[in-house]
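Visitor:
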Amino acid sequence: MSKPSSIRTNEPVAEPEPEAVEEMVAEDPVEAGEPVGDDLAELSEGGQDIDLSTEGDEDTDSEDSLTFSNGVIEKIVAIAMREVPGVVGMKGSWFNRVQDAFGASDSTKGVTVEVTPESAVRVNISVLIEYGAYAPQVFEDVKRAVVKQVTGMTGLEVAGVNLRIEDVLTPEEIEQRSRRAAPAKKDEKDEEPEE
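Number 7 in UniProt numbering belongs to position 7 of the sequence shown; there are no gaps in the numbering.
Encoded structure:
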């Protein structure tokens, strides 16, 4: 049985005593311009981390919180792209290419994440697809994989997925890329100390 939202009577409502009002104001003064309630949530928006603190909880004394670095979400998305048929690689930004030139590997290249004011994420992905792949189907598969993995692992809502197809690679180009990547991985293994 649900409680009524308000109870009405025909009796006049008694005004509070002036002393009681002064006591309430003195107990919890709020300065003009000081953020209150929902204003506090607006101040925390726009940061680099995604905060899953529960707003509107009755237990406001709790110090529990769960936050995700944008890099975590980007990595989840990048790993999910490995499973999408037709996607043969990720295309990074100019900065990623500079990192690659100096030997740094970035597993999140080609992925950026934006946080919406509602604490949902918007994902931007740049990929290379296989020649012959039907781009609209690749897009649907990418969206499905992103939503499944991001929501499944973090509980965050995905507000949108933006896919940019940077290049189409033939089977020969894919083979060439694989051969170029194989010696680099072999060199990395050779540099590791033996146990």
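From the three backbone atoms N, C-alpha and C, an ideal C-beta is built for every residue, glycine too.
Flag this pair as yes or no: are the beta carbons of residue 123 and residue 84 separated by less than 8 Å?
Guide: No, Cβ-Cβ distance for residue 123 and residue 84 is not below 8 Å.
Visitor: According to DSSP, is residue 120 part of a helix, a strand, or is it coil?
Guide: Coil, per DSSP.
Visitor: How do the stretch 127 to 134 and the stretch 163 to 171 stand: do at least 3 beta-carbon pairs fall below 8 Å, yes or no?
Guide: Enough Cβ pairs lie closer than 8 Å, so yes.
Visitor: Report all residues from its chain with a CB closer than 8 Å to the CB of residue 120; omit the five preceding and five following residues, and keep chain order.
Guide: Within the same chain, residue 120 has close Cβ partners 156, 157, 158, 159.
Visitor: Hey, quick one: how far does the alpha helix (DSSP H) through residue 151 stretch, first residue to last?
Guide: Per DSSP, residue 151 belongs to the alpha helix (DSSP H) from 135 to 154.
Visitor: Would the beta-carbon of residue 88 fall within 8 Å of that of residue 146?
Guide: Contact flag unset, no.
Visitor: Does DSSP classify residue 63 as helix, strand or coil?
Guide: The answer is coil: DSSP assigns residue 63 none of H, G, I, E or B.
Visitor: Excluding the 5 residues preceding and the 5 following residue 62 in the sequence, name in chain order all residues of the same chain whose CB lies nearer than 8 Å to its CB.
Guide: Nothing meets the Cβ criterion.
Visitor: Relative to the alpha-carbon of residue 113, which residue among 81, 133, 143, 72 has its alpha-carbon at the smallest distance?
Guide: Of the candidates 81, 133, 143, 72, the one whose C-alpha sits nearest the C-alpha of residue 113 is 72.
Visitor: Take residue 135 and list the residues in its own chain whose beta-carbon comes closer than 7 Å to its own, dropping the five residues that flank it on each side.
Guide: Around residue 135: 129, 165.
Visitor: Give the C-beta separation of residue 111 and residue 74 to the nearest angstrom, bearing in mind that I take them to be a contact with Cβ-Cβ under 8 Å.
Guide: Confirmed, about 4 Å.
Visitor: Apart from the five residues just before and just after residue 93, which ones in its own chain have a Cβ nearer than 6 Å to its Cβ?
Guide: Only weak support exists for where residue 93 lies, its pLDDT of 48 falling under 50; the value from the coordinates is given anyway. Excluding sequence neighbours, residue 93 sits near nothing in its chain.
Visitor: To the nearest angstrom, report how far apart residue 153 and residue 90 are at their CA atoms.
Guide: Each residue's Cα considered, the two are about 21 Å apart.
Visitor: Cβ atoms of residue 86 and residue 150: under 8 Å apart, would you say?
Guide: For residue 150 and residue 86, no; Cβs fall outside 8 Å.
Visitor: Of all the options 171, 178, 79, which has the alpha carbon lying nearest to the alpha carbon of residue 132?
Guide: Of the listed residues, the one whose Cα sits closest to residue 132 is 171.
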